[in-house]
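Structure first, commentary second.
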Amino acid sequence: ENTSMDPSRFSGSGKVSWMYNWETWRPANTNELVSGVNFIGTQRCTDCESSPIGQLGARAAEQGWTDVFTLNEPDLNGISASDAANWYKTHIAPLQTKKALPSVTSSNDAGKGLSWLSDFLGACGGGCPHDYINLHWYGRSADEFKSHISSARDRFPGETIVVSEFALEAPASADDQAAFFRDTTGWLEGQDYVAMYFPFVATSPGLLSQNDGAAAGYVGTGCTLFNDDGSVSASGNGVLA
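Under UniProt numbering, the residue at position 35 of the sequence shown is numbered 35, and the numbers go up by one with no gaps.
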């Protein structure tokens, strides 16, 4: 929003058909510039000032969403699987859109990642209608990434997968990230159970450092899909390759 970054640099490639942010409002510079690309709203928290839960249904209808993403990494944010399941049944299940379950991290710690997702589905007891499970991954190599996604497929064999965040961890360089994205996006295209994927992150090095210093420290700024001048970065070109 209010930057020199032009999302149509990606949509014009014919390879990009979805976009999202971590809120239920759509950035203004995506409305006119990006044709043929569906916007997905994200109710990232149970209720927050920027995305009030009471406005979720109205925003979905007004913006014409076909899909909705829900809770962002509740396994790291102290939201229990049972509380999340009750919230989902109340606020997400009634929506007339396709639905992704809360996004989970790639952590192997007890009660996190795929284990949290398993607990969530158990707490739902069949009462959380959905179209996708939503995965995040950060790590050291393309092989580790592929192994994690394949493990999720084995653990939840009937589910369609969305990968809504993925990148190498720091100290990966821009060239490392570009090579990683070329490898993994090509592989994802060949997995018929993966509906959508979103490399992290469609911003510039300066804006990532300014707006999310923790993320910039965790993955570095070489993963950004834009350069500071608004041109497509090495990583962005890796995605488009």
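Cβ coordinates follow ideal geometry from the N, Cα and C atoms, glycine included.
Next item on the list: Pull up the distance between the alpha-carbon of Ser150 and that of Gly113, whole angstroms please.
Entry: Stepping through the sequence shown from its first residue, residue 150 is reached at position 150. Stepping through the sequence shown from its first residue, residue 113 is reached at position 113. Taking the straight line joining both Cα atoms gives about 14 Å.
Margin query: Am I right that Gly230 and Met5 are in contact with their C-beta atoms under 8 Å? What's the rounded C-beta distance?
Written below: Taking the sequence shown and counting its residues from 1, one reaches residue 230 at position 230. Taking the sequence shown and counting its residues from 1, one reaches residue 5 at position 5. Yes, they are in contact, since the Cβ atoms of Gly230 and Met5 sit about 5 Å apart, within 8 Å.
Notebook entry, point to check: Between Asp119 and the rest of its own chain, which residues show a CB-CB distance below 6 Å, the 5 nearest in sequence each way excluded?
Noted result: Position 119 of the sequence shown holds residue 119. Cβ neighbours of Asp119 beyond the five flanking positions: Ala81.
Notebook entry, point to check: Can you tell me whether Thr42 is buried or exposed, with buried defined as 16 or more other CB within 10 angstroms of its CB?
Noted result: As a working note, residue 42 is residue 42 in the sequence shown. Sixteen is the threshold: when 16 or more other Cβ atoms of the shown chains lie within 10 Å of the Cβ of Thr42, as they do, the residue is buried.
Next item on the list: Please state whether DSSP places Gln191 in a helix, a strand or coil.
Entry: Taking the sequence shown and counting its residues from 1, the one referred to as residue 191 is at position 191. DSSP, read as helix, strand or coil, puts Gln191 in coil.
Note to self: Just verifying my parser: in three-state terms, what is the DSSP assignment at Phe181?
What the structure shows: Residue numbering aside, residue 181 sits at position 181 when the sequence shown is read from its first letter. Three-state DSSP puts Phe181 in a helix.
Margin query: For the beta strand (DSSP E) containing Ser103, name the first residue and the last one.
Written below: Stepping through the sequence shown from its first residue, residue 103 is reached at position 103. Looking at the DSSP string, the run of the beta strand (DSSP E) that includes Ser103 is 98 to 104.
Next item on the list: Return the first residue and the last residue of the beta strand (DSSP E) that Leu168 is part of.
Entry: Reading the sequence shown from its first residue, position 168 is the one you call residue 168. From DSSP, the beta strand (DSSP E) with Leu168 extends over 161 to 168.
Next item on the list: Might you give, ordered along the chain, the residues of its own chain that have their beta carbon closer than 7 Å to the beta carbon of Thr160, omitting 5 neighbours on each side?
Entry: Residue 160 sits at position 160 when you count from the first residue of the sequence shown. Excluding residues within five positions, the ones whose Cβ falls inside 7 Å are Asp131, Tyr132, Tyr193, Ala195.
Item checked: Classification of Thr66 by the beta-carbon crowding that lies within 10 angstroms, buried from 16 upward -> What you label residue 66 is simply residue 66 of the sequence shown in a count that begins at 1. Label assigned to Thr66: exposed.
Notebook entry, point to check: If you drop the 5 nearest sequence neighbours on each side, which residues of the same chain put their C-beta closer than 7 Å to that of Gly220?
Noted result: Your numbering for residue 220 matches position 220 in the sequence shown. Take Gly220, set aside five residues on each side of it, and the residues of its chain with a beta-carbon closer than 7 Å to its own are Ala170, Pro171, Ala172, in chain order.
Margin query: Checking the sheet assignment: what are the DSSP bridge partners for Ile40?
Written below: Position 40 of the sequence shown, counted from the first residue, corresponds to residue 40. Its beta-bridge partners are Tyr20.
Next item on the list: Leaving aside the five residues before and after Phe156 along the sequence, list all residues of the same chain whose C-beta is less than 7 Å from its C-beta, in chain order.
Entry: The sequence position of residue 156 within the sequence shown is 156, counting from 1. Taken in chain order, the residues that qualify are Ile133.
Checklist line | Assigned exposure category for Lys15 - 16 Cβ within 10 Å defines buried | finding: By one-based count along the sequence shown, residue 15 stands at place 15. Flag for Lys15 reads exposed.
Note to self: As an exercise, report each continuous beta strand (DSSP E) stretch of at least 3 residues that is fully enclosed by the region 55 to 109, in chain order.
What the structure shows: Here the runs fully enclosed are 67 to 70, 98 to 104.
Check: CB-CB under 7 Å to Val37, same chain, minus the five flanking residues each way: which ones, in chain order?
Finding: Counted from its first residue, the sequence shown places residue 37 at position 37. The residues are Ser11, Val16, Ser17, Trp18, Met19.
Notebook entry, point to check: Going straight from the alpha carbon of Gly217 to that of Leu117, what length do you get?
Noted result: Here residue 217 corresponds to residue number 217 of the sequence shown, with the count starting at 1. Here residue 117 corresponds to residue number 117 of the sequence shown, with the count starting at 1. Straight-line Cα distance between these residues: approximately 27 Å.
Margin query: On the criterion of 16 or more Cβ atoms from any shown chain inside 10 Å, does Arg26 qualify as buried, or is it exposed?
Written below: The residue given as residue 26 occupies position 26 in the sequence shown. Its Cβ being crowded by 16 or more others within 10 Å, Arg26 is buried.
Note to self: If I measure Cβ to Cβ from Phe145 and keep anything under 7 Å in the same chain, skipping five residues before and after, which residues do I get?
What the structure shows: Indexing the sequence shown from 1 puts residue 145 at position 145. Only Trp137, Gly139, Phe166, Thr184 meet the Cβ criterion.
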